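Those protein sequence lines, which keep their order, are chains A and B.
For what it's worth, my numbering labels the leading residue of the first sequence as 44, then goes sequentially.
For what it's worth, my numbering labels the leading residue of the second sequence as 44, then goes sequentially.
All C-beta atoms in this analysis are idealised placements derived from N, C-alpha and C, irrespective of residue type, glycine included.
Predicted model, so just to flag it, every value in this text is computed and none were measured.
Take a look at the structure set out below.
There are 2 protein chains.
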Amino acid sequence: MSVRVSKKLAIGIDIGGTNSVFGFVDHRGNISYRGAISTKRYKDINEYLNALAEAIEPLIEQVGGRDHIQGIGIGAPNGNYYNGAIEYAPNLPWKGFIPLADLVQSKLGIPAALTNDANAAAVGEMTYGSAIGMKHFIMITLGTGVGSGIVIDGKVVYGHDGFAGELGHTITIPGGRKHWSTGAEGSLETYASATGVRLTALEFLSKFPDKNSLLRNYNPEEIDSKVIYDCAVEGDELANNVFDYTGKVLGLALANFVMFSSPEAVVLFGGLMKAGDLITKPTKEAMEKHLLPIFQNKVKLLKSELKESDAAILGASALVWELK
Amino acid sequence: MSVRVSKKLAIGIDIGGTNSVFGFVDHRGNISYRGAISTKRYKDINEYLNALAEAIEPLIEQVGGRDHIQGIGIGAPNGNYYNGAIEYAPNLPWKGFIPLADLVQSKLGIPAALTNDANAAAVGEMTYGSAIGMKHFIMITLGTGVGSGIVIDGKVVYGHDGFAGELGHTITIPGGRKHWSTGAEGSLETYASATGVRLTALEFLSKFPDKNSLLRNYNPEEIDSKVIYDCAVEGDELANNVFDYTGKVLGLALANFVMFSSPEAVVLFGGLMKAGDLITKPTKEAMEKHLLPIFQNKVKLLKSELKESDAAILGASALVWELK
Chain A
44 MSVRVSKKLA IGIDIGGTNS VFGFVDHRGN ISYRGAISTK RYKDINEYLN ALAEAIEPLI
104 EQVGGRDHIQ GIGIGAPNGN YYNGAIEYAP NLPWKGFIPL ADLVQSKLGI PAALTNDANA
164 AAVGEMTYGS AIGMKHFIMI TLGTGVGSGI VIDGKVVYGH DGFAGELGHT ITIPGGRKHW
224 STGAEGSLET YASATGVRLT ALEFLSKFPD KNSLLRNYNP EEIDSKVIYD CAVEGDELAN
284 NVFDYTGKVL GLALANFVMF SSPEAVVLFG GLMKAGDLIT KPTKEAMEKH LLPIFQNKVK
344 LLKSELKESD AAILGASALV WELK
Chain B
44 MSVRVSKKLA IGIDIGGTNS VFGFVDHRGN ISYRGAISTK RYKDINEYLN ALAEAIEPLI
104 EQVGGRDHIQ GIGIGAPNGN YYNGAIEYAP NLPWKGFIPL ADLVQSKLGI PAALTNDANA
164 AAVGEMTYGS AIGMKHFIMI TLGTGVGSGI VIDGKVVYGH DGFAGELGHT ITIPGGRKHW
224 STGAEGSLET YASATGVRLT ALEFLSKFPD KNSLLRNYNP EEIDSKVIYD CAVEGDELAN
284 NVFDYTGKVL GLALANFVMF SSPEAVVLFG GLMKAGDLIT KPTKEAMEKH LLPIFQNKVK
344 LLKSELKESD AAILGASALV WELK
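Set out below in structure tokens:
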């Protein structure tokens with residue numbers, strides 16, 4: 044891993060539906076310069092590239108010019124590592140097939156690589172976070188949705204077409220809750236995301252109408268994973284049951300993932316992890332329960348060590364150290 | 044793949060609970076010499092090794108001596124590729140940790156490698172069968188149980204500890220049928236194996252007591268996957284429903300596996316595949332139904348091209364071409 048001692052910097056760009064954030068990162072994961080531009084304002088990809096170059100180029104000068112930059116890593120929804128393209132991302136302003144890594148590389152004159160955000164998070168965790176030195180782990184991001192990045196033999200699994208690792212869409216409860224966007228029934232994301240936790244709470248409230256709960260002090264539209272967490276911490280039983288249930292479903296799914304690739308660890312990341320033990324304890328219990336004995340008490344369930352606000356930039360930047 | 048043009052032979056040994064079969068295989072998968080010894084007769088591993096050497100050594104002389112042998116590949120239940128050991132195999136006469144690859148290598152003076160039978164089948168398929176040239180595929184063996192071997196980037200996935208790829212034990216129907224040996228509820232093997240097909244038939248017969256079926260002409264203990272197949276081919280509705288249901292469960296599981304590693308193909312192998320379209324058609328339909336659109340109509344569902352009687356030997360022998 045001689046690249047890890049590079050004194051050059053990597054630029055990490057995380058493209059979200061609203062904004063694109065970027066940072067200049069050294070090989071230890073320290074972010075020096077940061078910036079952001081709007082994503083959604085630029086309906087035309089060339090205008091977006093112009094805005095990006097305008098924001099980044101002065102900083103490149105600041106650090107001593109292009110020679111001091113190892114490369115650019117980009118994390119983007121529907122990003123395909125193999126061709127460096129964003130393919131049909133529903134939540135971005137640019138439609139169809141956008142060969143963004145090539146476009147950025149031409150525009151800025153610096154080698155660029157791209158992957159989806161969850162894979163970038165896995166590379167970030169392996170490079171700077173709680174998976175340093177691990178050859179086999181699975182990263183699960185528990186945010187509005189559920190994302191995943193799988194590492195086997197020290198490499199992110201991209202599969203035949205670049206789209207491997209859609210674990211949030213695996214069916215955990217066949218015939219279960221219908222996904223708001225894919226229409227699939229019982230996929231992990233419908234339970235183990237912030238959105239899923241909210242739906243579970245609403246379901247429990249209507250299923251047990253006689254059960255007291257602090258959650259009944261809120262309008263249904265106010266109930267989100269933060270409110271449920273606050274109520275759970277206050278000792279509210281129904282709110283606690285919501286996290287228990289979420290952990291049960293997540294742990295079952297994790298057991299299945301473990302029996303696929305036998306990782307050293309599963310690293311959990313994202314907003315839902317603010318619930319701490321409320322979510323990790325039932326998750327761990329359910330995972331162990333559903334594992335074959337040969338896998339039991341072997342697999343670490345870890346919390347990401349990356350600061351959430353930095354993780355997307357770090358993950359994207361980490362792609363650079365893998366560039367040949 | 045320069046090793047593929049070797050003129051040397053590989054010895055493949057497949058260790059089953061009853062017998063161990065072996066063959067001398069060229070790089071194209073032609074088996075020249077074959078043999079077998081009892082497994083269960085030798086409670087002591089050293090006696091087993093003596094018997095194996097006695098059976099194999101004359102054949103080695105026959106082909107011109109050790110210089111003509113590239114190596115020995117062994118497929119065994121609970122075989123761990125990393126350390127070449129059989130670890131706590133419940134159905135073999137030798138208990139505990141048996142470093143069989145080392146023992147065979149010392150005994151015969153030829154390099155040896157070992158893996159579990161399902162992983163060996165995957166290597167065999169990649170080397171001689173329907174997955175030649177594929178870098179990403181999943182092999183599922185549908186026999187008495189359900190085994191699996193996963194190939195990513197042209198390599199079998201062994202995971203952190205050597206035990207990756209226990210897909211038959213992933214939970215497909217949470218809270219479902221209890222596994223006869225592991226006790227897990229709803230694991231794939233309880234539905235998609237020959238054993239599972241039999242259980243589904245018995246379940247349907249008692250669940251729909253008024254439904255006519257040719258299967259009612261048999262005693263329950265006579266009903267096995269072969270009988271159910273024969274009745275299904277005769278047009279028996281209940282028997283056909285059994286295969287439909289099996290395919291639905293298997294297809295759901297396959298969709299989940301595809302969303303994990305995005306393979307080019309899933310290769311199906313084993314006794315249950317004798318049912319042909321009766322099993323593959325509903326499997327394919329269910330798989331496509333549960334896949335995210337980006338994976339739909341991309342993944343081939345293939346039948347193994349290895350002759351069932353040869354596959355275990357071929358798979359084990361194929362390990363040899365991977366030996367460094």
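Beta-carbon neighbours of residue i, restricted to chain A and to distances below 9 Å
{"i": "residue 57(B)", "result": "Those do not exist, as residue 57(B) stays about 21 Å from chain A at its closest Cβ, beyond 9 Å."}
{"i": "residue 251(B)", "result": "Correct list: empty, because the minimum Cβ distance to chain A is about 20 Å."}
{"i": "residue 307(B)", "result": "202, 203, 204"}
Proximity of residue i and residue j at Cβ, strictly below 8 Å
{"i": "residue 256(B)", "j": "residue 273(B)", "result": "no"}
{"i": "residue 363(B)", "j": "residue 113(B)", "result": "yes"}
{"i": "residue 302(B)", "j": "residue 209(A)", "result": "yes"}
{"i": "residue 59(B)", "j": "residue 185(B)", "result": "no"}
{"i": "residue 306(A)", "j": "residue 212(A)", "result": "no"}
{"i": "residue 268(A)", "j": "residue 54(A)", "result": "no"}
{"i": "residue 141(A)", "j": "residue 156(A)", "result": "no"}
{"i": "residue 188(B)", "j": "residue 230(B)", "result": "no"}
{"i": "residue 352(A)", "j": "residue 310(A)", "result": "no"}
{"i": "residue 266(A)", "j": "residue 244(A)", "result": "yes"}
{"i": "residue 182(A)", "j": "residue 165(A)", "result": "yes"}
{"i": "residue 289(B)", "j": "residue 342(B)", "result": "no"}
{"i": "residue 172(B)", "j": "residue 349(B)", "result": "yes"}
{"i": "residue 162(B)", "j": "residue 192(B)", "result": "yes"}
{"i": "residue 345(B)", "j": "residue 308(B)", "result": "yes"}
{"i": "residue 271(A)", "j": "residue 292(A)", "result": "no"}
{"i": "residue 368(A)", "j": "residue 135(A)", "result": "Within the shown structure, residues of chain A are numbered from 44 to 367, placing residue 368(A) beyond reach of any answer."}
With 16 other Cβ atoms within 10 Å as the buried cut-off, status of residue i
{"i": "residue 220(B)", "result": "buried"}
{"i": "residue 325(B)", "result": "buried"}
{"i": "residue 44(B)", "result": "The pLDDT assigned to residue 44(B) is 43, lower than 50, so where the model puts this residue is not dependable, and the model offers no usable value."}
{"i": "residue 86(A)", "result": "exposed"}
{"i": "residue 202(B)", "result": "buried"}
{"i": "residue 175(B)", "result": "exposed"}
{"i": "residue 232(A)", "result": "buried"}
{"i": "residue 72(B)", "result": "buried"}
{"i": "residue 299(A)", "result": "buried"}
{"i": "residue 124(B)", "result": "buried"}
{"i": "residue 276(B)", "result": "exposed"}
{"i": "residue 133(A)", "result": "exposed"}
{"i": "residue 32(B)", "result": "Nothing about residue 32(B) can be read from this structure; chain B reaches only from 44 to 367."}
{"i": "residue 320(B)", "result": "exposed"}
{"i": "residue 61(A)", "result": "exposed"}
{"i": "residue 107(B)", "result": "exposed"}
{"i": "residue 118(A)", "result": "buried"}
{"i": "residue 120(A)", "result": "buried"}
{"i": "residue 382(A)", "result": "For chain A, the structure presents residues 44 to 367; residue 382(A) sits outside this window and is missing."}
{"i": "residue 110(B)", "result": "exposed"}
{"i": "residue 139(B)", "result": "exposed"}
{"i": "residue 294(A)", "result": "buried"}
Expected contact under 8 Å - CB spacing of residue i and residue j to nearest Å
{"i": "residue 153(B)", "j": "residue 56(B)", "result": "Rounded, the Cβ-Cβ distance is 11 Å, inconsistent with contact."}
{"i": "residue 357(A)", "j": "residue 122(A)", "result": "Not a contact, Cβ separation roughly 16 Å."}
{"i": "residue 200(A)", "j": "residue 304(B)", "result": "6 Å"}
{"i": "residue 80(B)", "j": "residue 95(B)", "result": "6 Å"}
{"i": "residue 92(A)", "j": "residue 146(A)", "result": "6 Å"}
{"i": "residue 205(B)", "j": "residue 160(B)", "result": "Incorrect: roughly 14 Å between the Cβ atoms, too far for contact."}
{"i": "residue 333(A)", "j": "residue 103(B)", "result": "46 Å between Cβ atoms; not a contact."}
{"i": "residue 335(A)", "j": "residue 225(B)", "result": "6 Å"}
Per-residue contacts from residue i into chain B (C-beta, under 7 Å)
{"i": "residue 200(A)", "result": "195, 304"}
{"i": "residue 217(A)", "result": "216, 295"}
{"i": "residue 174(A)", "result": "Within chain B, no residue comes near residue 174(A); the closest Cβ sits about 12 Å away, beyond 7 Å."}
Contact set between residue i and chain B, taken where Cβ atoms lie within less than 9 Å
{"i": "residue 225(A)", "result": "335, 336"}
{"i": "residue 210(A)", "result": "299, 302, 303"}
{"i": "residue 140(A)", "result": "What residue 140(A) touches in chain B: nothing, since even the nearest Cβ is about 13 Å away."}
Under 8 Å from the C-beta of residue i: neighbouring residues of chain A
{"i": "residue 244(B)", "result": "None at all; the shortest Cβ gap to chain A is about 21 Å."}
Chain-ordered neighbours of residue i on chain A, where CB pairs are closer than 7 Å
{"i": "residue 30(B)", "result": "Only positions 44 to 367 of chain B appear in this structure, which leaves residue 30(B) out of reach."}
{"i": "residue 327(B)", "result": "The contacting residues do not exist; residue 327(B) stays about 16 Å from chain A at best."}
Any non-hydrogen atom of the ligand NAD within 7 Å of residue i CB
{"i": "residue 342(A)", "result": "Ligands displayed in this structure: none; no statement on the ligand NAD is therefore possible."}
Contact set between residue i and chain B, taken where Cβ atoms lie within less than 8 Å
{"i": "residue 323(A)", "result": "Ordered by position in chain B, no residue passes the 8 Å Cβ test against residue 323(A), which lies about 20 Å from the chain."}
Should the segment 241-255 of chain B be regarded as contacting the segment 328-341 of chain B, the criterion being three or more beta carbon pairs within less than 8 Å?
Segment contact: the segment 241-255 of chain B against the segment 328-341 of chain B, fewer than three CB-CB distances shorter than 8 Å; contact not assigned.
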